[in-house]
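This report refers to the structure that appears directly beneath it.
Residue numbers (the numbering used here): 5 to 130.
See the structure below:
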């Protein structure tokens with residue numbers, strides 16, 4: 005469980021988060037000092053930089069917790085794909101009985117079937 009916090013990728017994300025937060029705090033402080041110096045537009049920027057810091061934190065959290073799906077999620081996905089293949093095969097059978105399928109549509113359906121069998125998503129760090 006803790007290994008995901010200390011992998012090479014996670015350490016890189018931690019470093020990026022620290023640098024991002026330092027940059028946002030520095031920029032916010034700079035804008036606050038400018039605002040107190042008389043630049044009224046800097047009040048907006050002084051509020052904007054902490055928002056960017058929070059956004060960076062949520063991005064770090066999402067990237068760090070990008071995990072592989074659980075076993076039941078994989079089983080549900082596999083079951084759904086099998087059901088879709090069965091429905092597609094039944095629809096193809098009906099088309100062949102009713103007079104044939106358009107060759108262009110058949111080629112497109114074959115292309116979709118090939119896409120359905122390719123790996124879905126690469127999970128970083130796994």
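Glycine residues also receive a C-beta, built at the ideal position from the N, C-alpha and C atoms.
Between the CA atoms of residue j and residue i - distance to the nearest angstrom
| i | j | result |
| --- | --- | --- |
| residue 15 | residue 9 | 7 Å |
| residue 46 | residue 26 | 19 Å |
| residue 109 | residue 89 | 16 Å |
| residue 76 | residue 83 | 10 Å |
| residue 20 | residue 41 | 31 Å |
| residue 58 | residue 97 | 54 Å |
| residue 118 | residue 107 | 17 Å |
Three-way DSSP call (helix, strand, coil) for residue i in this model
| i | result |
| --- | --- |
| residue 122 | coil |
| residue 113 | helix |
| residue 7 | helix |
| residue 71 | coil |
| residue 42 | coil |
| residue 79 | helix |
Candidates the options, of which the one nearest residue i by Cα
| i | options | result |
| --- | --- | --- |
| residue 28 | 56, 69, 6 and 17 | 56 |
Integer-rounded CB distance, given that residue j should sit under 8 Å from residue i
| i | j | result |
| --- | --- | --- |
| residue 31 | residue 53 | 5 Å |
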